[in-house]
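Residues 219 to 403, numbered by this note's numbering, are exactly what the sequence shown covers, in order. We treat Cβ as the ideally placed atom computed from N, Cα and C, and that holds for glycine. Accompanying notes for the structure given below.
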Amino acid sequence: MRGYFGIGVERISKIMNIGSLFRSAHAFGASFIFTIGANYTFREGQKSDTSHALEHIPFYSFPDASSFSLPKGCNLVAVELLDGALDLPNFYHPQQAAYILGPERGQLSKELLDRCDYNIKIPTKFCINLGIAGSIVMYDRLQSHNKLARHQDRSLKKQGNTLLSKTKQGLPDNKDVLRNNPTID
């Protein structure tokens with residue numbers, strides 16, 4: 219995949235949510251992670267960040283929005299339930315992006331929102347957990363930047379798996395396959 223992305227939070231109070239987000243960021247291949255105005259400590263965060271993301275990904279901690287900075291050419295993308303925000307399924311992710319999520323009980327600061335190049339929202343009826351929201355955005359980015367992979371033939375038959383390629387409603391059609399595989403009921 220071309221480009222890079224980072225993901226972070228502003229003014230978050232629930233350390234477990236940050237740890238969960240950072241673990242997902244590590245799993246999805248984030249280039250960096252960050253906090254703005256959040257008291258995040260490695261010790262508390264690793265309770266939910268079992269991958270120890272801070273040991274593998276650059277981590278930046280900014281005391282406030284005015285001190286926050288990004289690499290040149292990096293687009294700042296707010297992930298927030300705001301009127302006028304673009305629904306995530308309709309969003310084209312920039313090659314260089316930093317996604318920012320707001321606090322659990324509130325929204326991103328006006329100062330930070332004013333700096334954002336894009337405002338996107340996950341089309342849900344109400345707010346969802348911060349770690350889950352961030353994971354959805356990162357997965358969508360991965361999918362949108364790998365559009366060709368989505369259209370590849372992923373059939374198991376082409377991969378040479380005769381057991382699973384001959385399934386119908388989860389069961390093999392070939393009785394010989396059943397006899398030779400006692401683990402299938």
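Given residue i, which residues of its chain have a CB within under 7 angstroms of its CB, disregarding the five upstream and five downstream residues?
i	result
I251	G224, I225, G226, F240, A243, A271, I275 and F277
E315	A small correction: the amino acid at residue 315 is Ala; Glu does not occupy that position in the sequence shown. F223, C292, N293 and V295.
Under three-state DSSP, which class holds residue i?
i	result
N337	strand
Y317	strand
E228	strand
S238	helix
I354	helix
N364	coil
F250	strand
L294	strand
Q282	A small fix is needed here, since residue 282 is Asp in this sequence, not Gln. Coil at D282, not helix or strand.
R220	coil
D301	coil
N398	Confidence in N398 is poor, its pLDDT being 49 and thus under 50, which makes the residue's placement too unreliable to answer from.
Use the C-beta contact count for residue i: other C-beta atoms within 10 angstroms, 16 or more gives buried, fewer gives exposed.
i	result
G237	buried
Y317	buried
T253	buried
R359	buried
N308	exposed
A245	exposed
G349	buried
Among the options, which one has its Cα closest to the Cα of residue i?
i	options	result
L299	G247, H363, S285 and G352	G352
R323	F246, R229 and D305	R229
Q325	L306, T342 and V297	V297
N293	D305, L330 and P281	L330
I346	S362, G255, G320 and D335	G320
D305	E273, S327, F280 and K343	K343
A256	S231, P289 and P341	S231
E273	F280, I338, S249 and S287	S249
L288	N235, P341 and C334	C334
I282	S327, K339, I354 and V295	For the record, residue 282 in the displayed sequence is Asp; it is not Ile. Taking only the C-alpha atoms, the option nearest D282 is S327.
Y222	I340, D332 and K290	K290
K339	A315, I354 and A303	A303
Within a Cβ cutoff of 8 angstroms, which residues of the same chain sit near residue i, ignoring the five residues on either side of it in sequence?
i	result
D177	It is not possible to answer for residue 177, since the shown part of the chain is limited to 219 through 403.
R220	Q313 and H363
Going by beta carbon distance, what residues of the same chain come within less than 6 angstroms of residue i, once the five residues before and after it are set aside?
i	result
H311	R359 and S362
M356	F246
Y336	V295
I354	I340
F280	I254 and F286
D332	none
Measure from the C-beta of residue i to each C-beta in chain D and report whether the shortest distance is under 9 angstroms.
i	result
Q361	You won't find chain D in this structure, because it holds only one protein chain.
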